[in-house]
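Going by the working numbering, the sequence shown opens with residue 130, and the numbers climb by one from there.
Where a beta carbon is used, it is the ideal one built from N, C-alpha and C, also for glycine.
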Amino acid sequence: MARAVSLLLASALALALLFVPAMRGGEMTAAAHGWLSPLMLSICAGFVHGVGYRPTRPWARALLHPLLLWPAMAALAVMWARSF
130 MARAVSLLLA SALALALLFV PAMRGGEMTA AAHGWLSPLM LSICAGFVHG
180 VGYRPTRPWA RALLHPLLLW PAMAALAVMW ARSF
C-alpha cells in the first residue's frame, strides 16, 4: 500500500511540474528554479520507492522510507509553489 501511495504522489507531482509552469506563462523565478532540483530528486525517490526497489544499504533504506519521503515531497512542492 505504501508503494502505491509513493507512486501516485510522485506521479501527481511530476504532472504538476509539467503543467503548472506552462499554465502560469513560464514565469519561473530564480527562487522557484532553486527549489526545483531538490523537488525533482524527491520525486525520483518517490518513483524508486513506488516501483519496489529495496536498497541494501541502511542509509539508502532510510532515505526511501515513506515517513521521510512523503513529507519531503509535500514540503518541497509547497515551497516550490510559493516561490512563483
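Can you say whether residue i is buried or exposed, counting buried as having 16 or more other CB atoms within 10 angstroms of its CB?
| i | result |
| --- | --- |
| M152 | exposed |
| A191 | exposed |
| S171 | buried |
| L198 | buried |
Can you tell me where the alpha helix (DSSP H) holding residue i begins and where it ends?
| i | result |
| --- | --- |
| R190 | P187 to L192 |
| M157 | First-last for M157: undefined, no H or E at that position. |
| V180 | Note, V180: premise wrong, no alpha helix (DSSP H); not H, not E. |
Taking only three categories from DSSP, how would you classify residue i?
| i | result |
| --- | --- |
| F213 | coil |
| P184 | coil |
My assumption, with CB atoms under 8 Å, is that residue i sits in contact with residue j. Please give the rounded CB distance.
| i | j | result |
| --- | --- | --- |
| G179 | A206 | Rounded, the Cβ-Cβ distance is 16 Å, inconsistent with contact. |
| G175 | M202 | 6 Å |
| P195 | A131 | 5 Å |
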